[in-house]
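Peer 1: Here numbering that gives the first Met the number 0 is used: the first residue of the sequence shown is 0, the next is one more, and so on.
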Amino acid sequence: MAAAAAVRGRRFKWSLELAVAPGGRPRGAAEGRGPLGFAERQLGEGGVHESDKILMEKRCWDVALAPLKQIPMNLFIMYMAGNTISIFPAMMVCMMGWRPLQALMSLSATLKALESSSRRALQGLVFLVGNGLGLALALYKCQAMGLLPTRPSDWLAFVAPPQRMEFTGGGLIL
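1) On the criterion of 16 or more Cβ atoms from any shown chain inside 10 Å, does L54 qualify as buried, or is it exposed?
2) Just to confirm before moving on: does the CB-CB distance between K140 and M91 stay below 9 Å?
3) If you draw a straight line from the C-alpha of L136 to the C-alpha of S152, how long is it?
4) Which residue wins for smallest C-alpha separation from W60, given the options Q122, T167 and M144?
5) Are the stretch 65–75 and the stretch 93–109 in contact at 8 Å, needing three or more beta carbon pairs?
6) Report, in whole angstroms, the separation of the C-beta atoms of N73 and A102, which I expect to be a contact under 8 Å.
7) Nearest CA to the CA of Q142: which residue from L64, S50 and M77?
8) Going by the beta-carbon positions, is the gap between G145 and N82 smaller than 9 Å?
9) From S107 to E114, what does the alpha carbon distance come to, in whole angstroms?
10) CA-CA distance, V128 and V62?
11) What's the call for P34, buried or exposed, on a 16-neighbour Cβ count within 10 Å?
12) Would you report the Cα separation of M94 and L155, rounded to the nearest angstrom?
13) Please list the terminal residues of the continuous alpha helix (DSSP H) segment that includes F126.
14) How far does the alpha helix (DSSP H) with P88 in it reach, from first residue to last?
The structure is reproduced here in structure tokens:
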């Protein structure tokens, strides 16, 4: 019994008593010790603001480069969809064209998000170019599928019939 009481009375370095002592602190807790990860020194004011600026600049570039990052995916979808006119390729082309149009319609909100950047003009230009390339890909796919009237035979309904200069009947000129 005496040995057990002696072991209970000894304090080990690795032991932590969670019962609260009458002073309001857990027994065995160091005086200036805080929770895990707590540091007594404060971070400098410049370090926090500088890292925030770097993060905001990086986020603005992510927003500006997002349309350009979608182009390889759109190229792969264009390849997999094929050039036949069916529901799946038609839906893919519609979505390929609608996403850049929607982004361009909400251009003011995107440029407002880029206001915190020091290079917002360049980022806005990159955003516009990326969405323009997305629209160009959608138009190319429509042309490859034959949905755009780009050949003279597509406009035959609007061409006046040719004026006949002579009529033949059975090998005789009339």
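C-beta: ideal position from N, C-alpha, C; glycine also.
Every value quoted in this text rests on a predicted model; they were computed, and no experiment measured them.
Peer 2: In short, the structure shows the following:
1) Taking the first residue of the sequence shown as 1, we reach residue 54 at position 55. Exposed, by the Cβ-count rule.
2) Looking up residue 140 in the sequence shown gives position 141. Looking up residue 91 in the sequence shown gives position 92. Yes, they are a contact pair.
3) Within the sequence shown, numbered from 1, the residue matching residue 136 stands at position 137. Within the sequence shown, numbered from 1, the residue matching residue 152 stands at position 153. Their Cα atoms are separated by approximately 24 Å.
4) Here residue 60 corresponds to residue number 61 of the sequence shown, with the count starting at 1. With distances taken between Cα atoms, W60 lies closest to Q122.
5) yes
6) Start at 1 with the first residue of the sequence shown, and residue 73 comes out as number 74. Start at 1 with the first residue of the sequence shown, and residue 102 comes out as number 103. That pair is no contact at about 13 Å.
7) Position 143 of the sequence shown, counting from 1, holds the residue named residue 142. When only C-alpha atoms are compared, the closest one is M77.
8) The residue given as residue 145 occupies position 146 in the sequence shown. The residue given as residue 82 occupies position 83 in the sequence shown. Contact: yes.
9) Walking along the sequence shown from the start, residue 107 turns up at place 108. Walking along the sequence shown from the start, residue 114 turns up at place 115. Near 11 Å, if we compare the C-alpha coordinates of E114 and S107.
10) Sequence index remark: in the sequence shown, residue 128 carries index 129 (1-based). Sequence index remark: in the sequence shown, residue 62 carries index 63 (1-based). Distance between the alpha carbons of V128 and V62 is about 13 Å.
11) Locating residue 34 in the sequence shown gives position 35, counting from the first residue. P34 is exposed by the Cβ-count criterion.
12) Position 95 of the sequence shown holds residue 94. Position 156 of the sequence shown holds residue 155. Distance between the alpha carbons of M94 and L155 is about 30 Å.
13) Here residue 126 corresponds to residue number 127 of the sequence shown, with the count starting at 1. Segment R119 to M144, the alpha helix (DSSP H) holding F126.
14) The residue given as residue 88 occupies position 89 in the sequence shown. Segment I86 to M104, the alpha helix (DSSP H) holding P88.
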